Every structure is written in C-alpha cells, then in structure tokens.
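Just so we're aligned, residue 1 is where the sequence shown starts under full-length UniProt numbering, counting upward by one. Just so you know, even glycine gets a beta-carbon here, dropped at the ideal spot from N, CA and C. It should be emphasised that the depicted structure is a prediction, and the values quoted were computed from it without experimental measurement.
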Amino acid sequence: MSINQYVENLNKKFVLGNTTEHTFRGDLATLIELLAPNVLVTNEPKRQACGAPDYILTKNSLPIGFIEAKDMGDKDLLGENRNKEQFDRYKTSLENIIFTDYLSFYFYRNQECVAQIAIAQIVNGKIKPITDNFSEFEQLLGNFCSYNIENIKTASQLAELMAHKAKLLAQTIEQALLQDKENKEESSLYDQFKAFKEILIHDISEKNFADVYAQTITYGLFTARYHDPTLPTFSRIEAYNLLPKSNPFLKKLFGYLAGLEVDKRIEWIADDLIQVFLACDVTKMLNTYDYKQYKDPIVHFYEDFLEKYDPVQRKAMGVWYTPIPVVNFMVQALDHILKKHFNLPKGLADNSKVKIKQTSKGEGGYDQIEKEFHRVQLLDPATGTGTFLAQVVDYIHQKMQSQQGMWLGIGGYLNE
C-alpha cells in the first residue's frame with residue numbers, strides 16, 4: 001500500500017459516514033508496516049482499555065515507538081484541551097510517540113513536538129491527499145521507527161525515567177484489575193492480587209496493590225540490571241536468571257513476568273523498561289556513590305527513585321537515607337548500653353531467651369502460660385531503606401568472625 005492508496009482507502013470509508021477512530025486502524029497499521037518493513041505494528045483493544053496507546057511498534061520484540069490515534073478531524077492533537085490528561089501521561093512516560101487523526105501526524109520525542117505534518121485534508125466532505133508532503137512523511141516515519149533511547153548517564157536521569165514508566169505501569173495494572181473485577185473475569189494478574197490480599201495485606205485496594213506491583217517490577221528489573229555482566233543484552237528472562245534466590249517473592253514474580261502467562265496488558269510496559277536499562281550501565285552509574293556513606297548503592301538509589309515516583313509516599317514511608325557514620329554510632333551505642341547496663345556480655349549478638357508468663361484464653365477459661373522470647377529484639381519503627389538493620393547484621397558479623405563455623409552455612413545467603 002502506497003501513501004496515495006492509504007488516503008484513497010480512508011476516503012472510501014469516510015464518505016460512507018458513521019466513521020470513528022477505530023474505522024481506520026487497520027489501514028494505518030498496514031501503511032506503517034509497508035513503509036517500515038522491519039517493524040511490527042500491534043493494535044490490541046484489551047491493552048487500550050487499560051491505558052495503552054492504540055499502536056505499539058516493536059523491533060526485535062522490544063517497543064521502539066507508540067501511536068495514539070484520535071477520530072478524524074480531532075481538533076486537539078496538541079493535547080491542550082480534552083486530550084490533555086491522556087497526552088501528558090503518554091508524553092512523560094513514553095519517549096517516542098505520535099499523535100494522529102490519520103491525516104495529520106505530530107511526532108514527539110522526549111516530551112517535545114519535533115515535527116508535525118499532514119498527508120491529507122478534508123475538503124467538501126472528501127479526503128484529499130497532500131502529495132507534496134508524502135516524501136517528508138516517509139522520512140519522518142523512518143526516523144521515528146529507527147529510534148533508539150539515548151544513553152542514560154546519570155542516576156538522576158535514570159530515576160526519573162523509571163518513575164515515569166512505573167507510574168504508567170501502576171495506572172495500567174489498576175485499570176486491568178478493575179476491568180477484571182467488573183467483568184468477573186479470572187486472570188493471572190487478578191489471581192496474584194487475591195493471593196496478596198489473602199496472605200499479606202487483607203484490606204489492600206486495587207490501587208495500592210498496583211502501586212506495590214509496579215514498584216516491584218520496576219525496581220526488580222533495576223536490581224537485575226545492576227548484576228548483569230552482559231551490557232549489550234537484557235530481557236525479562238535474563239532479569240529472572242539474574243535475581244538472587246535469597247528473595248523468593250521477587251524470584252517468583254519475575255518467573256511469571258518472564259513466562260508465557262504474563263498479562264499482555266502490562267507486558268508492553270515491562271518491555272519498554274527493558275529498553276531503558278539497555279541504554280545505561282547501572283553498575284558504573286552507581287559506583288559513583290561514596291561507599292563510605294552508602295555501603296549499598298541499590299538501597300540508597302531507592303530513595304532517589306521514590307522521590308521522583310511519589311515524593312508524598314516517600315515522606316510517609318520515611319524513606320530517607322541515614323549516613324553510614326551516623327548509623328554506626330547508633331549501633332555501637334546500643335551494643336554498649338546492652339553490655340554495660342543490661343549485663344549482656346554479647347550485646348546485640350546476645351541470643352539468650354527469657355520466659356514470660358502470658359494470659360491465654362482456652363476452652364475452660366483463662367490460663368497462665370509461659371512463652372519463650374529472645375532477650376534482645378530489634379525494632380526499627382521507621383524502616384525506610386533498611387540501613388539500620390543492615391548495619392546491625394554487619395556489626396554482629398564483624399564481631400563474631402572468629403566463630404567461622406557459625407557463619408559458614410549462611411555466608412552465601414548473606415552475600416546474596
């Protein structure tokens with residue numbers, strides 16, 4: 001199909017009347033695949049119902065661009081009025097996107113409109129081609145389809161890109177869950193929501209689950225990429241293989257994400273995140289952190305990510321990174337107090353137990369029973385990045401290195 005044939009096909013349908021934005025979707029997909037034969041154009045209604053753009057363009061199984069189509073003659077292709085919320089959401093989350101009414105095309109790159117062109121117009125109730133623009137349109141489309149995300153060089157830039165895509169993923173997951181609930185459909189995604197609600201948080205809403213799930217996928221991919229020794233390649237399957245066995249929940253989640261049962265409504269955003277991580281060397285980037293202050297850069301980077309993703313949530317969760325020297329002082333002070341004032345020679349490493357009587361209600365009334373508890377228990381009431389608890393473990397490990405046998409069996413687990 002040539003551009004001229006494309007316009008003719010549009011006109012045949014247009015003059016019949018009663019057309020919608022869905023009427024011409026097949027024609028546009030066919031035109032793009034003809035002009036860019038190495039690109040696959042996908043148009044899936046289920047994805048669109050959950051917030052995906054109308055067309056997803058993929059090359060080598062990864063997204064390289066997106067197209068959102070409106071009804072022919074739409075007056076807001078710049079997204080300044082009724083399309084503003086949707087267009088702004090796409091522009092901030094997707095680096096390479098076209099907005100079109102099938103006649104005019106607005107090309108956006110990194111939130112900026114880099115080109116706009118019309119290949120036809122409506123004149124006296126008919127669609128007339130603008131042949132002078134055909135050649136330029138082909139060049140613009142070729143450039144659009146050859147897009148590669150620019151190399152990401154700073155942690156701040158990466159955190160912002162991850163945050164934008166995580167927001168879009170959370171919105172998509174919430175819409176998918178609400179759709180399944182309304183239609184009473186069973187899906188692998190909804191099954192996970194029900195299991196999470198039953199086992200972990202009984203009163204969690206679809207919105208909050210979507211938030212947790214989106215953050216877990218985004219940060220799980222980030223963690224996997226950090227441990228990836230093969231920079232030129234990265235995929236959902238590779239991410240699954242790279243994640244440590246010490247986190248069975250994350251491992252199982254990515255087993256689902258990398259498998260055939262992954263929900264197609266969220267798959268495209270996960271693959272778009274893959275493109276982001278392919279454009280950066282996460283390990284090199286995080287090595288710029290001062291290791292004297294940030295012993296675990298992955299943990300510290302979460303603060304940067306959450307600041308971009310949801311600063312209100314970051315404040316509510318207390319995700320603020322306390323410098324290592326301050327945490328070390330706190331840990332050593334606690335150890336000293338336990339030894340000096342509580343007569344516990346091992347301090348934080350004390351593993352003795354104490355028996356405490358408790359009242360328990362039984363069939364015959366109330367009984368006094370004895371229960372054993374560890375004498376030393378740690379509570380971090382404002383666990384953000386987990387630095388305090390991590391330093392306690394590290395401190396105890398250093399103090400007991402002379403007892404190698406105790407640590408030998410779990411050394412590998414701790415390293416992971």
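Using only the alpha-carbon positions, how far apart do residue i and residue j sit?
| i | j | result |
| --- | --- | --- |
| P229 | D54 | 36 Å |
| L278 | D394 | 33 Å |
| G412 | Y213 | Legend: pLDDT at G412 = 46, less than 50; position of this residue unreliable, no value from coordinates given. |
| A349 | F329 | 16 Å |
| Q179 | V327 | 46 Å |
| Y302 | L169 | 17 Å |
| L16 | Q171 | 37 Å |
| D272 | K13 | 34 Å |
| A166 | Y309 | 7 Å |
| L34 | Q121 | 22 Å |
| C145 | E68 | 15 Å |
| T387 | D380 | 10 Å |
| S246 | G362 | 39 Å |
| G220 | L177 | 21 Å |
Sorted by chain position, which residues of the same chain lie with C-beta nearer than 8 Å to residue i's C-beta, five sequence neighbours on each side aside?
| i | result |
| --- | --- |
| P37 | none |
| E370 | K355, I356, K357, Q358 |
| T20 | D71 |
| E63 | Looking at the sequence provided, one finds Pro at residue 63 rather than Glu. Counting only Cβ-Cβ distances below 8 Å, and skipping sequence neighbours, we find I56, L57, W268, D271, D272, Q275. |
| F137 | I3, F105, I117, I119 |
Assign residue i to one of three DSSP states: helix, strand, or coil.
| i | result |
| --- | --- |
| residue 417 | This structure gives no information on residue 417, because the portion of the chain shown stretches from 1 to 416. |
| N43 | coil |
| F107 | strand |
| K252 | helix |
| L231 | coil |
| P311 | helix |
Tell me which same chain residues have a C-beta within less than 7 Å of the C-beta of residue i, skipping the five on either side of it?
| i | result |
| --- | --- |
| I237 | A258 |
| A225 | Position check: residue 225 holds Arg in this sequence, whereas Ala was assumed. Excluding residues within five positions, the ones whose Cβ falls inside 7 Å are F234, F277, V282. |
| residue 417 | Residue 417 lies beyond the range of the chain shown here (1 to 416); nothing can be said about it. |
| F196 | I204, F209 |
| H164 | T92, S93 |
| K339 | P345, G347 |
Could you pull the DSSP bridge partners for residue i from this structure?
| i | result |
| --- | --- |
| N124 | Its beta-bridge partners do not exist; DSSP assigns none. |
| Q86 | Paired residue(s): none; Q86 is not in a bridge. |
| E372 | K355 |
| G347 | Answer is none; G347 lacks a bridge partner. |
| K361 | Y366 |
| T100 | A69, F105 |
| C113 | Y108 |
| L62 | K59 |
| A224 | Bridge partners of A224: none, in fact. |
Are there 16 or more other CB atoms within 10 angstroms of the CB of residue i, so buried, or fewer, so exposed?
| i | result |
| --- | --- |
| M162 | buried |
| residue 451 | This structure gives no information on residue 451, because the portion of the chain shown stretches from 1 to 416. |
| H300 | buried |
| E416 | At E416, the pLDDT of 48 sits below 50, so the modelled position is not reliable; the number obtained from the coordinates is stated separately. Looking at its Cβ environment, which holds fewer than 16 other Cβ atoms inside 10 Å, E416 is exposed. |
| L286 | buried |
| K70 | buried |
| K91 | buried |
| Y366 | exposed |
Could you pull out every residue in the same chain whose Cβ sits closer than 6 Å to the Cβ of residue i, ignoring the five residues on either side in sequence?
| i | result |
| --- | --- |
| F134 | I3 |
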